[in-house]
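**Q** Under the numbering used here, think of the first position of the sequence shown as -16, with each following residue one higher.
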Amino acid sequence: MQKKLTFMLSLAVMIIVSSCSSKMDALKPEYFTVTPQVLEVVGTEIPVTIDGRFPHRFFDKKTVLSITPVLRYDGGEAVAEPVVFQGEKVKGNNRTVSYENGGNFSMRMNFDYVPEMIKSALYLTFTVTKGSKSYTLPDVKVADGCIATSQLYRSTVKSANLAVGEDAFQRVIKQAQQANIMFLIQQTNLRGSEINTQQMKALADSMKAVAADPERRIVDNVEVAAYASPDGGVLLNVDVANGREKNTAQYVKKQMDRAKLDSYLDTDYTAEDWDGFRELVSQSNLPDKEIILRVLSMYNEPEEREAQIKNISTVYSDLADEILPRLRRARITLNYQLIGRSDSEIMEQFASDPKELSLEEILYASVVSEDADEQEKIYKTAARLYPNDYRAYNNLGKLSFDKGDYAAAEEYIRKAVSLAPTAPEVNVNLGYLALCRGNVADAETFMAKGSSAKVGDEALGNLYIAQGQYMRAADCLSAQATNSAALAQLLNKDYSTAKATLESIKTPDAMTHYIKALLGARTNNASLLYDGLKAAVKLDPSLAQKAMADLEFAKYAGNETFKAILD
-16 MQKKLTFMLS
-6 LAVMIIVSSC
4 SSKMDALKPE
14 YFTVTPQVLE
24 VVGTEIPVTI
34 DGRFPHRFFD
44 KKTVLSITPV
54 LRYDGGEAVA
64 EPVVFQGEKV
74 KGNNRTVSYE
84 NGGNFSMRMN
94 FDYVPEMIKS
104 ALYLTFTVTK
114 GSKSYTLPDV
124 KVADGCIATS
134 QLYRSTVKSA
144 NLAVGEDAFQ
154 RVIKQAQQAN
164 IMFLIQQTNL
174 RGSEINTQQM
184 KALADSMKAV
194 AADPERRIVD
204 NVEVAAYASP
214 DGGVLLNVDV
224 ANGREKNTAQ
234 YVKKQMDRAK
244 LDSYLDTDYT
254 AEDWDGFREL
264 VSQSNLPDKE
274 IILRVLSMYN
284 EPEEREAQIK
294 NISTVYSDLA
304 DEILPRLRRA
314 RITLNYQLIG
324 RSDSEIMEQF
334 ASDPKELSLE
344 EILYASVVSE
354 DADEQEKIYK
364 TAARLYPNDY
374 RAYNNLGKLS
384 FDKGDYAAAE
394 EYIRKAVSLA
404 PTAPEVNVNL
414 GYLALCRGNV
424 ADAETFMAKG
434 SSAKVGDEAL
444 GNLYIAQGQY
454 MRAADCLSAQ
464 ATNSAALAQL
474 LNKDYSTAKA
484 TLESIKTPDA
494 MTHYIKALLG
504 ARTNNASLLY
514 DGLKAAVKLD
524 PSLAQKAMAD
534 LEFAKYAGNE
544 TFKAILD
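1. Measure the alpha-carbon distance for Ser5 versus Met430 and round it to whole angstroms.
2. With DSSP collapsed to three states, give me the class of Val520.
3. The beta strand (DSSP E) with Lys157 in it runs from where to where?
4. Smallest Cα separation from Asn318: which of Glu305, Lys45 and Val205?
5. Please classify Glu543: is it buried, with 16 or more other beta-carbons within 10 angstroms of its beta-carbon, or exposed?
6. How long is the line joining the alpha carbons of Ala391 and Ser383, rounded to whole angstroms?
7. Could you pull the start and end residues of the alpha helix (DSSP H) that Ile548 belongs to?
8. On the CB-based measure, 16 or more other CB atoms within 10 Å of its CB, does Asp95 come out buried or exposed?
9. For Met330 and Val350, I'd like the C-alpha separation in whole angstroms.
10. Classify Asp372 as buried or exposed, calling it buried when 16 or more other Cβ atoms lie within 10 Å of its own Cβ.
11. For Asn378, does the three-state DSSP call read helix, strand or coil?
12. So, are the CB atoms of Asp127 and Val21 less than 8 Å apart?
13. Would you be able to state if there are at least three C-beta pairs under 8 Å between the stretch 77 to 97 and the stretch 25 to 32?
14. Need the endpoints of the beta strand (DSSP E) that Met90 sits in, please.
15. CB Glu255 to CB Val217, shorter than 8 Å?
16. Answer yes if the stretch 128 to 146 comes into contact with the stretch 273 to 289, meaning at least three C-beta pairs across the two stretches below 8 Å, and no otherwise.
17. Taking the alpha-carbon of Val66 as reference, which of Asp57, Val80, Gly59 and Lys72 has the nearest alpha-carbon?
18. Candidates Val47, Gln238 and Ala63: which alpha carbon is nearest Gln69's?
19. If we call anything under 8 Å between Cβ atoms a contact, is Val202 one with Val193?
20. Going by beta-carbon coordinates alone, are Arg309 and Ile164 separated by less than 8 Å?
21. Do you know how far the Cα of Lys437 is from the Cα of Asn422?
22. Just to confirm the assignment: which complete alpha helix (DSSP H) runs, minimum length 4, are found wholly within the stretch 305 to 342?
23. Got a sec, what are the start and stop residues for the beta strand (DSSP E) Asp34 sits in?
24. Quick check: the Cα distance between Glu83 and His39, rounded to an integer number of angstroms?
25. With burial defined as no fewer than 16 other Cβ atoms inside 10 Å of the residue's Cβ, what is the status of Glu393: buried or exposed?
26. For the stretch 413 to 460, which segments carrying the alpha helix (DSSP H) assignment without a break, of at least 4 residues, lie completely within its bounds, in sequence order?
27. Would DSSP call Arg174 helix, strand or coil?
28. For Gly380, count the other beta carbons within 10 Å of its own beta carbon; 16 or more makes it buried, fewer makes it exposed. Which is it?
29. So, under 8 Å CB-CB, His496 and Ala519 are touching, yes? Tell me the CB distance rounded to an integer number of Å.
30. Could you name the residues of the same chain whose beta carbon sits closer than 7 Å to that of Thr171, not counting the 5 residues immediately before and after it, in chain order?
31. Ordered along the chain, which non-local residues of its own chain (more than five positions away) have a Cβ less than 7 Å from that of Thr480?
32. Can you tell me which of Asn507, Leu516, Lys529 and Leu470 puts its alpha carbon nearest to the alpha carbon of Lys538?
33. Taking buried to mean at least 16 other C-beta atoms within 10 Å of its own C-beta, is Val62 buried or exposed?
34. What does DSSP give as the partner residue(s) for Arg200 in the beta ladder?
35. Taking 8 Å as the cut-off, decide whether the C-beta atoms of Leu418 and Glu441 are in contact.
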């Protein structure tokens, strides 16, 4: 009796479920269109648009249907937000679908990309609810995925040009040794107290040093500029300034002859030094200096200026005591060039005793040398002799990066950061290291801090690839002939430019050739594809396995030539 009752209950349940699902059991793949047809990684996400349709007299009036997109891959799945529809007789806030007319719908979503999704498939799962009863429909596969060409940035960035902490070495340095001789009011004679100042003694010593070392110090000229203060008449001041110029020039010429300095003596005078007057007033703490400066801007004639300023009786005595005496002078300038060591002299000195070189000379030595091992030796010497300068550590990090030793690169660059946290070069390089790890958020932070570095545009171009901003990436990298530039142009679908860039790369590596193969696949150029793959696999055999799984080559997967290359 009990068995009979159980059987009857089971049969009843089957009838109920059958009656519930009779109109909602025929969701088919052709009801759905997915864009793109093969999923593709853009930046750090997989964007998907699903367009669907419910046929005429399909959607039951009392039914609620929940559609959930699920991206399944080996080891996991990513579930998007469900979209819920309801029949015409259901009371709710979901989108209502007409029983008689059916309807169209569109779903947009982004899945966060993980590398395992390279082999994945997009499914739609369905839950039907009618009254208090719910059941599921069979899952529908709507797309395969995914193309992850954009993720090649983690490889192309490894051949990028990291930022170098540059030397400030100058072989020719302009030098100007100056001294002033001060005069009493309306006087032109040189007083002993003025020609024996420390300034004048230093100037005489410099003349002797320049004359004695013509290979390292090349004199340009000696200048004498004499001035009179802008008080008194103009004619008087012309005579005073002219007299100061002549007397000073005669004295300086004797000093040059004594030092055996053969150079041109250039002399000049300024009768009323209004420019000097304005500068000293603006720098002063005079209570009415703004009034004085306004007078200077309002009146151009010297006599009118002087008269107006004298009318400001409250400050004129201060001007006479503090400002005007400092304008009664002659300025003497020795202009010469300091010539540094030649390239060969720097390298010889480095080999014999680098302690005799300045930091800038040592760093410059790395520019003279083109050998990476010697550059490493130079930077290590700079770090040892000048441990508080960040540039040697930064540059050692760049060398390690170029060799593929990313752990050492990070260690050196972190040391550089500890010495100069705001230096743009170290921040750009930390950004590159973050890109190698696929950490786009950190890369963005670091590269924003290093945007003023010389390689800032190239760094931003690599960042934009990782962010999926291919047009901006291609623009930033337009002047580069690198793997990253070619990848940006390929992703931006500028295939002719990508081809030209690939052909311009001076030292193509395995990734260069792999991008050529991708370009061949996208442009239906089989010979370019095969040639690129052959060269890529020869340089890096691991790329054979990558190519086998790469959906960019899907239509060539059964081709015998393609398979032979990857065997």
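C-beta atoms are modelled at their ideal positions from N, C-alpha and C, and glycine is treated no differently.
**A** If we stick to the structure as given:
1. Along the sequence shown, read from residue 1 onward, the residue named residue 5 stands at position 22. Along the sequence shown, read from residue 1 onward, the residue named residue 430 stands at position 447. Residue confidence for Ser5 is low, a pLDDT of 45 falling below 50, so the modelled location carries little weight; the figure read from the coordinates is stated next. About 59 Å.
2. Translated into positions along the sequence shown, residue 520 becomes position 537. In this structure, Val520 counts as helix in the three-state DSSP scheme.
3. For the purposes of this step, residue 157 is taken as residue 174 along the sequence shown, with counting starting at 1. Here the beta strand (DSSP E) through Lys157 covers Val155 to Met165.
4. Taking the sequence shown and counting its residues from 1, the one referred to as residue 318 is at position 335. It is Val205.
5. For this step, residue 543 is matched to residue 560 along the sequence shown. By the 10 Å Cβ count, Glu543 comes out exposed.
6. Numbered from 1 along the sequence shown, position 408 holds the residue referred to as residue 391. Numbered from 1 along the sequence shown, position 400 holds the residue referred to as residue 383. One C-alpha to the other measures close to 6 Å.
7. For the purposes of this step, residue 548 is taken as the residue at position 565 of the sequence shown. Here the alpha helix (DSSP H) through Ile548 covers Glu543 to Leu549.
8. Residue 95 sits at position 112 when you count from the first residue of the sequence shown. Its Cβ having fewer than 16 others within 10 Å, Asp95 is exposed.
9. Position 347 of the sequence shown, counting from 1, holds the residue named residue 330. Position 367 of the sequence shown, counting from 1, holds the residue named residue 350. Those two C-alpha atoms are separated by around 11 Å.
10. As a working mapping, residue 372 is identified with position 389 in the sequence shown. Asp372 is buried by the Cβ-count criterion.
11. Your numbering for residue 378 matches position 395 in the sequence shown. In the structure shown, Asn378 sits in a helix (DSSP, three-state: H, G or I).
12. Taking the first residue of the sequence shown as 1, we reach residue 127 at position 144. Taking the first residue of the sequence shown as 1, we reach residue 21 at position 38. For Asp127 and Val21, yes; Cβs fall inside 8 Å.
13. yes
14. Looking up residue 90 in the sequence shown gives position 107. Gly86 to Asp95 is the extent of the beta strand (DSSP E) around Met90.
15. Start at 1 with the first residue of the sequence shown, and residue 255 comes out as number 272. Start at 1 with the first residue of the sequence shown, and residue 217 comes out as number 234. Taking 8 Å as the Cβ cut-off, Glu255 and Val217 qualify as a contacting pair.
16. no
17. Reading the sequence shown from its first residue, position 83 is the one you call residue 66. Of Asp57, Val80, Gly59 and Lys72, the residue nearest in Cα terms is Val80.
18. On the sequence shown, position 86 is the one that residue 69 refers to. Here the closest residue by C-alpha is Val47.
19. Position 219 of the sequence shown, counting from 1, holds the residue named residue 202. Position 210 of the sequence shown, counting from 1, holds the residue named residue 193. Against a cut-off of 8 Å, the Cβ pair of Val193 and Val202 comes out as a contact.
20. Residue numbering aside, residue 309 sits at position 326 when the sequence shown is read from its first letter. Residue numbering aside, residue 164 sits at position 181 when the sequence shown is read from its first letter. Not a contact, by the Cβ cut-off of 8 Å.
21. The sequence position of residue 422 within the sequence shown is 439, counting from 1. The sequence position of residue 437 within the sequence shown is 454, counting from 1. Going by the C-alpha atoms only, they are around 23 Å apart.
22. 326 to 335
23. Position 51 of the sequence shown, counted from the first residue, corresponds to residue 34. Segment Glu28 to Phe37, the beta strand (DSSP E) holding Asp34.
24. Taking the sequence shown and counting its residues from 1, one reaches residue 83 at position 100. Taking the sequence shown and counting its residues from 1, one reaches residue 39 at position 56. Their Cα atoms are separated by approximately 6 Å.
25. As a first step, residue 393 is located in the sequence shown; it is residue number 410 there, counting from the start. Buried is the call here.
26. 423 to 432, 439 to 450 and 453 to 459
27. Start at 1 with the first residue of the sequence shown, and residue 174 comes out as number 191. Coil, per DSSP.
28. Working through the sequence shown from its first residue, we reach residue 380 at position 397. By the neighbour-count rule (16 or more Cβ atoms within 10 Å), Gly380 is buried.
29. Locating residue 496 in the sequence shown gives position 513, where the first residue counts as 1. Locating residue 519 in the sequence shown gives position 536, where the first residue counts as 1. Yes, they are in contact, since the Cβ atoms of His496 and Ala519 sit about 4 Å apart, within 8 Å.
30. For the purposes of this step, residue 171 is taken as the residue at position 188 of the sequence shown. For Thr171, where only same-chain residues beyond five positions count, the Cβ hits under 7 Å are Val223, Gly226, Arg227 and Asn230.
31. Numbered from its first residue, the sequence shown carries residue 480 at position 497. Only Gln472 meet the Cβ criterion.
32. Looking up residue 538 in the sequence shown gives position 555. Cα-wise, what sits closest to Lys538 is Asn507.
33. Locating residue 62 in the sequence shown gives position 79, where the first residue counts as 1. Val62 is exposed by the Cβ-count criterion.
34. Within the sequence shown, numbered from 1, the residue matching residue 200 stands at position 217. Beta-bridge pairing links Arg200 to Leu321.
35. Position 435 of the sequence shown, counted from the start, is the residue given in the question as residue 418. Position 458 of the sequence shown, counted from the start, is the residue given in the question as residue 441. Result no, Cβ atoms of Leu418 and Glu441 do not sit closer than 8 Å.
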